[in-house]
Amino acid sequence: MPAAIPTEGEPARDPADAPSDGVVVRALGISKSFDGAPALDGVDLELRKGEVHALLGENGAGKTTLSNILAGIYRADAGAVVVDGEERHFRSPAHAIESGIGMVHQHFRLVETATVAENLHLGWQDTPRWISRKKLADRTRRQMGQMGLRVDPNAFIWQLSVGEQQRVEILRVLSRGARVLILDEPTAVLTEQEARDLFGVIRALVAEGRTVVFISHKLNEVLEVSDRITVLRDGHRVVTRETAGATPRELARLMTGEAREVSVEGHREPGRQPLLEVVDVTARGSRGLVSVRGVTLTVHAGEILGLAGVSGNGQTELAEVVTGMRRIDAGRVRVDGVDLTNASPRRFADAGVGAIPEDRIGVGLVPSAPVRSNAVLRHYRRSELSGGLALRRVAISEFATRLVASARVQTRSIDSPVSYLSGGNQQRLLVGREGMLAGRVFVASHPTRGLDVNATADVRASLLAKRDAGSGVLLISDDLDEVLQLSDRVAVMYEGSVLGEFDRSAADRERIGLLMGGHLEADQPEPAPS
Amino acid sequence: MISVRAPGRSPAIRVERRLQVASRRAAASRIIGLLAGLLVAGIAIQISGRPTLSLAREALDATFGRRIGLEETGIIATPILLDAIAVAIGLRMRIWNIGVEGQFYMGAWAATGIGIHLHAPAPVLLTLMALAGVAGGALWILIPAIARAYWNVNEIITTLLLNFVALQWVAWFSIDVWRDTKAAVVQATPPVAARLPLLGNSLILHVGFLIPLLLAPVFWWVFRSSRWGYEVDMIGGNPRAAEFAGINVPRRIISVMLLSGAIGGLSGMIHVTGATGRLQATISNSYGLSGFIVAALAGASFFGLLAGGLFIALLLHSGIVLQGQGLSVYIVLAVYGLVLVGIAVGTQAARYRLRVSRESVVSPAAERAPP
């Protein structure tokens, strides 16, 4: 067992009212892998009484996995969690909260059709077996008074704003005696004002001696609210340091790592002909909040425009807008000069727009249906594949067989359901099918996420081939290495807006990292002329 | 995966889910389940002090031993098969039309309305009655269809509730509005003016029996080879992907539900013109419910439901015979239920296999190095 955690900075500031060194929770050498893929590798973390400790890192860095282990949701493969000097093995979230560690998840776990008071008391040992509705509300008000968090106890969850729902979640955890409160991406779903309010709550909590773990990828928020910062990257702890004196630039560099080798395979001068034009587009997400704000982008023939950014900053919605899957409130979308604003998915497809949806299984494919049916899903109306009424079954079989061969899909037969294929082969099928549509524009959302090395290489080769054939490719990815490796130009999306656009030659990894964290700098370079 | 294993290092029996289920294995598993259901029912009847084997022989004899027994079974099978086809069409799109019973009633009602009020040559009148039956069934599902397509209102609830309305509606017309005042029967309308012809030289079985036997292969083809069927299947598999593919999902939902309702209505018309000859308050012997069960157990396979529907009709006919022999209706229903449960369990069991593993079982906690 490692003896001490190497940290930068000074010891706890208020050793008087803290046990020994003020450390409440210590995680030592935590490792965890999923299906053989390591998510955490020997990570140490110490949490002190009365601090806001930020966990910073890109998607997949291991922030949520580490928190889930602390909160008793996952069990670590190796390593130990020490609370108040005693080693604990949490069997469940309820077990973790007995030791004073509670977590508020990014996606709330509330019963929408029950009231605030009912949710607060659900599954709580202290809840009386028989209690009137009024007394339940009174108990809830009392808890709220102690914590300084106020919501109408008799309101139903579905009636509350997201910020209020979050307050109920926090209250739920605190009322069960949590001394360490883990907030997983708490501001991701909040409006600006709600985030302000949340910061006030966090400050009040630490003032009374609790510890808050604040998980985020937003640099400004972390710098504003935290006392110390631990940066994770690829399942490793990069550093733990005091927030005071940290600069966004430094944190961005720690988060994204040093630039890896960028290969310039087959890169050529992009054309000037605009194939996809997004002009001042504003659109709302599924929750009704504005998630794309006045975005203007142009993808030219023979180029890949990489759209970098942390997931959930409006990229998903933008991809849906340019494939006809989401209506927009304002702005225009043109494909090769033809106005397709709010056109149907079919018209986008007919105009030569192919798309690899972010949610392959949920949107791109019909998992229960055979490869044959999926292969023609976006092509079956073509006259060689179907007459007016009937499908041409022989032609469809030939089409599917050809697609499987050219896209290198490994499947036992074209009659196997797509759900039997591996993730890589599902994506090969999808990329092959959409590539055939993408005569003008190819929209690829997180095209290699979760794929193995070979499938990743195949998918990237398909994108480059499309570009070389003269299509415009919009590559949306939260993998900065991928964006830098493939793109001719790079744009960064943050909170629904495009913050910067660079030619690849001018694309500076550190600056992009800053923009992904929402940090605009005065010395920002001029956007690339487009 | 469900594991049933002893602690320590003993061999363990594990229940594993199969990735693929061969259709022959699935069919065999269903038949085994069916036989197991019959066996349990037989043992229960024997224990209750009745001679199971002789009862079974009587039931089989009454069905297969006499020509009229088979024809009666065919008359029962006709609405069950048609309703099963109606439900199966919806199930291809994951639409659960529980209201096929109500559509049967409304189809029967609309056809009767034409049949007792219009005077025309039989072929013309039968055609008009068929159209009325189709329209009655389709109209009865129109509101659930629109609500489902555009506001995503659960069709299970809406179609189920409309069953009760249809039942009362038909009861009202049978015993009041259209009641046959000349006849002694109290709860029925006058006879309809045209009847379906008998099948060949049969005694009571009408040509309507052929309709489901013709429709099932037609719909098998539609879902195998037509564009419409392909689109419906894709919506059933993943509505978001279907939308991505440019399919107008709400419009397909409405067309599928109206078609399902129309076939339900047609089954009512055929039953009135083929079997009963007049509308009664209790014209359906829960045919819609049986059809629904058949379609669900057949997994919306159009040939599977033919086999299942004929079998259920045999079972119901045997039940009627045995009730004639003094067996309580509750016992008959219990046998019916046990057989259906057996088939359902068999369907699920085909997806799993038992496996004895001898690998050592070590808990993750024991592997962890002590602190």
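Heads up: the sequence lines are chains V and B, in that order.
The opening position of the first sequence corresponds to residue 6 in this note's numbering, with each subsequent residue numbered one higher.
The opening position of the second sequence corresponds to residue -10 in this note's numbering, with each subsequent residue numbered one higher.
All C-beta atoms, glycine included, are put in the ideal place defined by N, C-alpha and C.
Open item on the list: If I measure Cβ to Cβ from Leu165/V and keep anything under 8 Å in the same chain, skipping five residues before and after, which residues do I get?
Closed with: Val121, Val156, Val173
Open item on the list: Assuming Gly77/V and Ala101/V are in contact, meaning their beta carbons sit under 8 Å apart, how far apart are those beta carbons, in whole angstroms?
Closed with: 3 Å
Open item on the list: Using a Cβ-Cβ distance cut-off of 8 Å, determine whether Ala101/V contacts chain B.
Closed with: no
Task: beta-carbon Asp72/B near the ligand MN non-hydrogen atom, thresh 7 Å - done: What this structure holds is no ligand at all, so the ligand MN is not there to describe.
Open item on the list: Taking a contact to mean a Cβ-Cβ separation below 8 Å, would you say Glu61/B touches His306/B in this structure?
Closed with: yes
Open item on the list: Under 7 Å, CB to CB, which of the residues in the segment 69 to 82 of chain B have a partner in chain V?
Closed with: none
TODO: Check the DSSP bridge columns for Val109/V and list the partner residues they point to.
DONE: According to DSSP, Val109/V bridges with Leu188/V.
Open item on the list: If distances are taken between C-alpha atoms only, which option among Leu394/V, Gly393/V, Ala380/V comes closest to Phe404/V?
Closed with: That would be Ala380/V, whose Cα lies nearest to the Cα of Phe404/V.
Open item on the list: Using only CA atoms, which one of Gly392/V, Ser418/V, Val414/V, Leu394/V lies nearest to Ser402/V?
Closed with: Ser418/V
Task: Which listed residue (Leu456/V, Ala400/V, Met441/V) has its alpha carbon closest to that of Ser427/V - done: Each of Leu456/V, Ala400/V, Met441/V was checked against the Cα of Ser427/V, and the nearest Cα belongs to Leu456/V.
TODO: Kindly say whether Val371/V, judged by its beta-carbon, lies nearer than 8 Å to any beta-carbon of chain B.
DONE: Yes, Val371/V counts as interfacial toward chain B.
Open item on the list: Would Glu439/V and Gly329/V qualify as a contact pair, given that the criterion is a beta-carbon distance under 8 Å?
Closed with: Going by beta carbons, Glu439/V and Gly329/V fall outside the 8 Å limit.
Task: Distance, Gly34/V Cα to Ala512/V Cα - done: 36 Å
Task: C-alpha gap between Gly257/B and Gly125/B, whole angstroms - done: One C-alpha to the other measures close to 10 Å.
Open item on the list: So Ser391/V contacts chain B; which residues on that side make the cut at Cβ distance below 7 Å?
Closed with: Residues of chain B with a Cβ closer than 7 Å to the Cβ of Ser391/V are, in chain order, Arg216.
Open item on the list: Within 8 Å of any Cβ in chain B, is that where the Cβ of Met441/V sits?
Closed with: Answer no: the Cβ-Cβ gap between Met441/V and chain B never drops below 8 Å.
- [ ] Could you check what DSSP says for Phe95/V in three-state terms: helix, strand or coil?
- [x] coil
TODO: Assign Trp129/V to one of two classes, buried (16 or more other C-beta atoms within 10 Å of its C-beta) or exposed (fewer than that).
DONE: exposed
Task: Test item: CB-CB of Leu504/V and Val497/V under 8 Å - done: Their beta carbons are under 8 Å apart, which means Leu504/V touches Val497/V by this criterion.
- [ ] Within the segment 55 to 83 of chain B, note down every full alpha helix (DSSP H) run reaching 4 residues or more, in order along the chain.
- [x] 56 to 80
TODO: Using three-state DSSP, classify Ser38/V as helix, strand or coil.
DONE: strand
Task: Nearest-angstrom Cβ-Cβ length linking Leu61/V and Val227/V, presumed shorter than 8 Å - done: 6 Å
Open item on the list: Would Ser467/V and Glu363/V qualify as a contact pair, given that the criterion is a beta-carbon distance under 8 Å?
Closed with: no
Open item on the list: Taking the alpha carbon of Ala400/V as the reference point, which residue from Val300/V, Leu390/V, Val495/V has its own alpha carbon closest?
Closed with: Between Ala400/V and the set Val300/V, Leu390/V, Val495/V, the nearest pair of CA atoms involves Leu390/V.
TODO: Whole angstroms is fine: what's the gap from Val350/B's alpha carbon to Ile135/B's?
DONE: Low local confidence applies: a pLDDT of 39 at Val350/B is under 50, so the model's placement there is unreliable, with the coordinate-based value given in what follows. Those two C-alpha atoms are separated by around 55 Å.
Open item on the list: Would Val109/V and Ile187/V be called neighbours here (beta carbons separated by less than 8 Å)?
Closed with: yes
- [ ] Return no unless some Cβ of chain V is closer than 8 Å to the Cβ of Gly361/B.
- [x] Nothing in the structure corresponds to residue 361/B, since chain B is present only between -10 and 360.
TODO: Look up Leu50/V in the DSSP assignment and give the residues it is bridged to.
DONE: Ala32/V
Task: Residues, ordered as in the chain, of the segment 346 to 358 of chain V that lie near chain B by beta-carbon distance below 9 Å - done: Listed in sequence order: Ser349, Pro350, Arg351, Arg352, Phe353, Ala354, Asp355.
- [ ] Can you grab the Cα-Cα spacing for the pair Val123/B / Ala374/V, in whole Å?
- [x] 31 Å
- [ ] Return the first residue and the last residue of the alpha helix (DSSP H) that Met330/V is part of.
- [x] Note, Met330/V: premise wrong, no alpha helix (DSSP H); not H, not E.
Task: Inter-residue spacing [alpha-carbon to alpha-carbon] between Gln57/V and Ala209/V - done: One detail in the question is off: residue 57/V reads as Val in this sequence, not Gln. Each residue's alpha carbon lies about 11 Å from the other.
Task: Bridge-paired residues (DSSP) for Ile361/V - done: Ala449/V
Open item on the list: Less than 7 Å between C-beta atoms, sequence neighbours within five positions excluded: which residues of the same chain meet that for Ala339/B?
Closed with: Only Val10, Arg14, Ala15, Ser18 meet the Cβ criterion.
- [ ] Identify the continuous alpha helix (DSSP H) that holds Glu199/V and give its terminal residues.
- [x] 197 to 212
- [ ] Under 7 Å between beta-carbons, which chain V residues line up against Gly235/B? List them in chain order, please.
- [x] Within 7 Å Cβ-Cβ: Ser349, Pro350, Arg351, Ala354.
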